[in-house]
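Residue numbers (the numbering used here): 13 to 87.
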């Protein structure tokens, strides 16, 4: 089974382009394109992208909690 490409996964889950991802993690756009094409991704970049995904999960959770709070206020 082929390992999922983290660049493609992050871009898809965050709804961003590779250029935007490069800006967020402080890498050159060409470097991110190379990673997306299968070149080895350094550990620091993997960790950065994992943190971006984790941060998005927390943002989604906070948003869901706020929506729940607003719904409860209406009861």
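By construction, the Cβ of each residue, glycine as well, lies at the ideal position given by its N, Cα and C atoms.
Fair warning: this is a prediction, and the values are worked out from it, not measured in the lab.
Alpha carbon to alpha carbon, what distance is there between residue 51 and residue 80? Taking the first residue of the chain shown as 1, we reach residue 80 at position 68. Taking the first residue of the chain shown as 1, we reach residue 51 at position 39. Approximately 43 Å between the Cα atoms of the pair.
Classify residue 16 as helix, strand or coil using the three-state DSSP reduction. Taking the chain shown and counting its residues from 1, one reaches residue 16 at position 4. In the structure shown, residue 16 sits in coil (DSSP, three-state: anything other than H, G, I, E or B).
Cβ atoms of residue 33 and residue 68: under 7 Å apart, would you say? Within the chain shown, the letter at position 56 stands for residue 68. Within the chain shown, the letter at position 21 stands for residue 33. In this structure, residue 33 does not lie closer than 7 Å to residue 68 by Cβ.
Determine the extent of the alpha helix (DSSP H) in which residue 58 is found, giving its start and end residues. Position 46 of the chain shown, counting from 1, holds the residue named residue 58. Element bounds for residue 58: 55-85.
Between which residues of its own chain and residue 21 is the CB-CB distance below 6 Å, once the five residues before and five after are set aside? Counting from one through the chain shown, the residue named residue 21 turns up at place 9. So no residue of the chain qualifies.
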